[in-house]
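Trainee:
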Amino acid sequence: MDPARPATMQEGWQSPLLDALEQQPWLDKAGNYLTELLQPLLDLPEARPIKDFLHGTWLGHSLHPVLTDLPIGFWSGSLLLDLVGAGRSAGVLSAAGSAAAVATAVTGVTDWTVTDGREKRLGLLHGLLNVAGLGLQLASLQARLGRRRLRAVSLSAAGLTVSTAAAWLGGELVFGRGISVNHDAWTAGPEKWTPVLDDSDLVDGAPRKVEVEGRAVLLYREGPRVFAMENACAHAGGPLDEGEARDGVVTCPWHGSQFRLRDGALVRGPSTFSQLRLQARIAKGQVEVRGRQG
Ligand code: FES
16 MDPARPATMQ
26 EGWQSPLLDA
36 LEQQPWLDKA
46 GNYLTELLQP
56 LLDLPEARPI
66 KDFLHGTWLG
76 HSLHPVLTDL
86 PIGFWSGSLL
96 LDLVGAGRSA
106 GVLSAAGSAA
116 AVATAVTGVT
126 DWTVTDGREK
136 RLGLLHGLLN
146 VAGLGLQLAS
156 LQARLGRRRL
166 RAVSLSAAGL
176 TVSTAAAWLG
186 GELVFGRGIS
196 VNHDAWTAGP
206 EKWTPVLDDS
216 DLVDGAPRKV
226 EVEGRAVLLY
236 REGPRVFAME
246 NACAHAGGPL
256 DEGEARDGVV
266 TCPWHGSQFR
276 LRDGALVRGP
286 STFSQLRLQA
296 RIAKGQVEVR
306 GRQG
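When you line the sequence shown up against the working numbering, it's residues 16 to 309, in that order.
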């Protein structure tokens, strides 16, 4: 699935470089191959809680960016210690960085499997550069064990350089493209109670999309009570009204996140955020909603 979305990129000095990188056809081929390899594993019912853990549904935001600090920090410290002549301590930090990089890669691959299009290609490049960086650090560790210090330090510096380039691409994905951020973070209003639908048109247990101030909101009724939440999935903006609704839970049609219709609570990832709720009531035969203020 490659949903059509408005381009979010701004023009800058990096735009031609990113365009050239992202348009490499081999990235699609490699991405498809990797997806085919991983899909049987990802589709196992037992994999669901593991995937949710790796995405960070328990943390309240993505786990991957939290872990990325560890290998970069350990490897930077290792290089610094090498430069001041503390080779043994540098070796310990180098090994710790490589171990942390493996854990970080697992969370990164999990997040990558629920990206699409340009972001998927750029994410793959980010991952491949990180694998190259890790390879150089492991080669440095091997040289260190063989007491070839100059080679070890050179490989360590090269590895850190490659990992830094990979981190720059990771920054572009998060801050430039909005991957792993809450898609509804800036949504607010309407400030006043706003009628959106005749009370009689909202059927019990059947979610219904309405337009409020130019954006889509999902209404849901349970007996006399009505509820409302953003229709754009917090994960990447998928249209929840097009997903399956069953037993009071709606499933996003894009990557399968699930939210409780009553209160928008996150039931299943990959989203790590609940859906933004609006207040809802029935007044004068109309369903009215009011959003987060400011
Ligand atoms: S957009 Fe990805 S799960 Fe909804």
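By construction, the Cβ of each residue, glycine as well, lies at the ideal position given by its N, Cα and C atoms.
DSSP state of E61, grouped into three classes?
Mentor: Mapped onto the sequence shown, residue 61 falls at position 46. Three-state result, E61: coil.
Trainee: Please classify L291: does DSSP put it in a helix, a strand, or coil?
Mentor: By 1-based counting over the sequence shown, the position of residue 291 is 276. Coil, per DSSP.
Trainee: What is the DSSP secondary structure of T72, counted as helix, strand or coil?
Mentor: For this step, residue 72 is matched to residue 57 along the sequence shown. In this structure, T72 counts as coil in the three-state DSSP scheme.
Trainee: Just to confirm my understanding: we take V232, look at its own chain, exclude 5 residues before and 5 after, and list those with CB closer than 8 Å. What are they?
Mentor: Counting from one through the sequence shown, the residue named residue 232 turns up at place 217. Excluding sequence neighbours, V232 sits near V211, K224, V225, E226, A243, M244, E245, N246, L293 and V304.
Trainee: With a threshold of 6 Å on Cβ separation, who are the neighbours of Y235 within its own chain once the five nearest residues in sequence on each side are excluded?
Mentor: Numbered from its first residue, the sequence shown carries residue 235 at position 220. The residues are P222, F242 and L276.
Trainee: Taking its Cβ as the centre, do 16 or more other Cβ atoms sit within 10 Å of R159, making it buried, or is it exposed?
Mentor: Residue numbering aside, residue 159 sits at position 144 when the sequence shown is read from its first letter. Buried, since its Cβ has 16 or more Cβ neighbours within 10 Å.
Trainee: How about E206 and L33: are their beta carbons less than 8 Å apart?
Mentor: As a working note, residue 206 is residue 191 in the sequence shown. As a working note, residue 33 is residue 18 in the sequence shown. In this structure, L33 does not lie closer than 8 Å to E206 by Cβ.
Trainee: Straight-line CA distance for V202 to C248?
Mentor: Here residue 202 corresponds to residue number 187 of the sequence shown, with the count starting at 1. Here residue 248 corresponds to residue number 233 of the sequence shown, with the count starting at 1. Note that residue 202 is Thr in the sequence shown here, rather than Val. For T202 and C248, the distance between alpha carbons rounds to 12 Å.
Trainee: Given 7 Å as the limit, tell me if W269 has its C-beta closer than that to any heavy atom belonging to ligand 1.
Mentor: What you label residue 269 is simply residue 254 of the sequence shown in a count that begins at 1. Under cutoff, so the answer is yes.
Trainee: G204: beta carbon under 7 Å from a heavy atom of ligand 1?
Mentor: Within the sequence shown, the letter at position 189 stands for residue 204. Not under cutoff, so the answer is no.
Trainee: Determine the extent of the alpha helix (DSSP H) in which F89 is found, giving its start and end residues.
Mentor: Reading the sequence shown from its first residue, position 74 is the one you call residue 89. Where F89 is concerned, the enclosing alpha helix (DSSP H) stretches over H79 to L98.
Trainee: Name, in chain order, the residues that DSSP records as bridge partners for F274.
Mentor: Indexing the sequence shown from 1 puts residue 274 at position 259. Answer is V265 and L281, bridged to F274.
Trainee: Examine ligand 1 and report whether any of its heavy atoms sits within less than 7 Å of the Cβ of G253.
Mentor: If you number the sequence shown from 1, residue 253 lands on position 238. It does: the Cβ of G253 is within 7 Å (strictly closer) of some heavy atom of ligand 1.
Trainee: Measuring from the CB of H79, is there a heavy atom of ligand 3 at a distance below 7 Å?
Mentor: Here the bound small molecules are ligand 1; ligand 3 is not part of this structure.
Trainee: Could you tell me which residues DSSP pairs with K224 in its beta bridges?
Mentor: On the sequence shown, position 209 is the one that residue 224 refers to. DSSP lists L233 as partners of K224.
Trainee: If you draw a straight line from the alpha carbon of E37 to that of L137, how long is it in whole angstroms?
Mentor: Within the sequence shown, numbered from 1, the residue matching residue 37 stands at position 22. Within the sequence shown, numbered from 1, the residue matching residue 137 stands at position 122. For E37 and L137, the distance between alpha carbons rounds to 6 Å.
Trainee: I need the straight-line Cα distance from G238 to S215, nearest angstrom please.
Mentor: Walking along the sequence shown from the start, residue 238 turns up at place 223. Walking along the sequence shown from the start, residue 215 turns up at place 200. Taking the straight line from one Cα to the other gives about 12 Å.
Trainee: On the CB-based measure, 16 or more other CB atoms within 10 Å of its CB, does Q54 come out buried or exposed?
Mentor: On the sequence shown, residue 54 is found 39 positions in, with the first residue counted as 1. Burial call: exposed.
Trainee: Report whether the distance from the Cβ of V129 to the nearest heavy atom of ligand 1 is below 7 Å.
Mentor: For the purposes of this step, residue 129 is identified with residue 114 of the sequence shown, where counting begins at 1. Within the cutoff, so yes.
Trainee: With distance defined between alpha-carbon atoms, name the residue in G193, T209, T266 and G27 nearest to K299.
Mentor: Numbered from 1 along the sequence shown, position 284 holds the residue referred to as residue 299. It is T209 whose Cα lies nearest to the Cα of K299.
Trainee: Rounding to the nearest angstrom, what Cα-Cα distance links P18 and E61 in this structure?
Mentor: For this step, residue 18 is matched to residue 3 along the sequence shown. For this step, residue 61 is matched to residue 46 along the sequence shown. Note that P18 scores 41 on pLDDT, short of 50, meaning its location in the model is unreliable; the coordinates nonetheless yield the value given after this. Each residue's Cα considered, the two are about 28 Å apart.
Trainee: Distance, Cα to Cα, P21 vs L96?
Mentor: On the sequence shown, position 6 is the one that residue 21 refers to. On the sequence shown, position 81 is the one that residue 96 refers to. Here the model assigns P21 a pLDDT of 42, short of 50, so the residue's position is not dependable, and the following value carries that caveat. Roughly 46 Å separates the two Cα atoms.
Trainee: In this structure, how does DSSP classify R240 when only helix, strand and coil are distinguished?
Mentor: Sequence index remark: in the sequence shown, residue 240 carries index 225 (1-based). Three-state DSSP puts R240 in a strand.
Trainee: Tell me whether the beta-carbon of S272 lies closer than 8 Å to the beta-carbon of G279.
Mentor: Counting from one through the sequence shown, the residue named residue 272 turns up at place 257. Counting from one through the sequence shown, the residue named residue 279 turns up at place 264. No, they are not a contact pair.
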